[in-house]
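Participant: To start, I am sharing the structure in question, which I have written as structure tokens.
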Amino acid sequence: VKSIGHQWYWSYEYPEFNNIEFDSYMLNYNNLNQFRLLETDNRMIIPMNIPMRLITTSTDVIHSWTVPSLGIKVDAVPGRINQLNLISKRPGIFFG
């Protein structure tokens, strides 16, 4: 999965899953009864029990791609590509 940090949103690409691409923006918390500053319009999907490699970078400033409840954090830095390998062992909705 490719993850690109932008100011106020993330872009995701799944090149090995039918080349899916989408942007993920935070939702305005006035419009919903969800978690403030955590809910997005398009959630990233992590398949369960399938090894994945996340490649991340940024277009503007340093961003942090993180899912604390899964113990995952990697910085997205302009001009640099960082990666992490992960396997999700449990289903659910996780915020980061």
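All residue numbers for the sequence shown refer to the UniProt record's numbering, where the first residue is 1 and numbers rise by one.
Positions of the beta carbon are idealized from the N, C-alpha and C atoms, including for glycine.
1. Please list the segments of the beta strand (DSSP E) lying wholly inside the region 32 to 79, counting only runs of 3 or more residues, in order along the chain.
2. Check this for me: beta carbons of residue 87 and residue 51, under 7 angstroms apart or not?
3. Compare the Cα-Cα distances from residue 41 to each of 76, 4 and 9 and report the closest residue.
4. Specify the secondary structure class of residue 85 as computed by DSSP and reduced to three states.
5. Assuming residue 57 and residue 80 make a contact with CB atoms under 8 angstroms, what is their CB distance in whole Å?
6. Who are residue 22's beta bridge partners in DSSP?
Facilitator: The short version:
1. The region 32 to 79 contains these whole beta strand (DSSP E) runs: 52 to 58, 63 to 67 and 72 to 76.
2. Stepping through the sequence shown from its first residue, residue 87 is reached at position 87. Stepping through the sequence shown from its first residue, residue 51 is reached at position 51. Against a cut-off of 7 angstroms, the Cβ pair of residue 51 and residue 87 comes out as a contact.
3. Position 41 of the sequence shown, counted from the first residue, corresponds to residue 41. Nearest C-alpha to residue 41: 9.
4. Position 85 of the sequence shown holds residue 85. In this structure, residue 85 counts as strand in the three-state DSSP scheme.
5. Residue 57 sits at position 57 when you count from the first residue of the sequence shown. Residue 80 sits at position 80 when you count from the first residue of the sequence shown. Contact between residue 57 and residue 80 holds, since their C-beta atoms are separated by about 6 angstroms, short of 8 angstroms.
6. Here residue 22 is taken as the residue at index 22 of the sequence shown, counted from 1. Answer is 12, bridged to residue 22.
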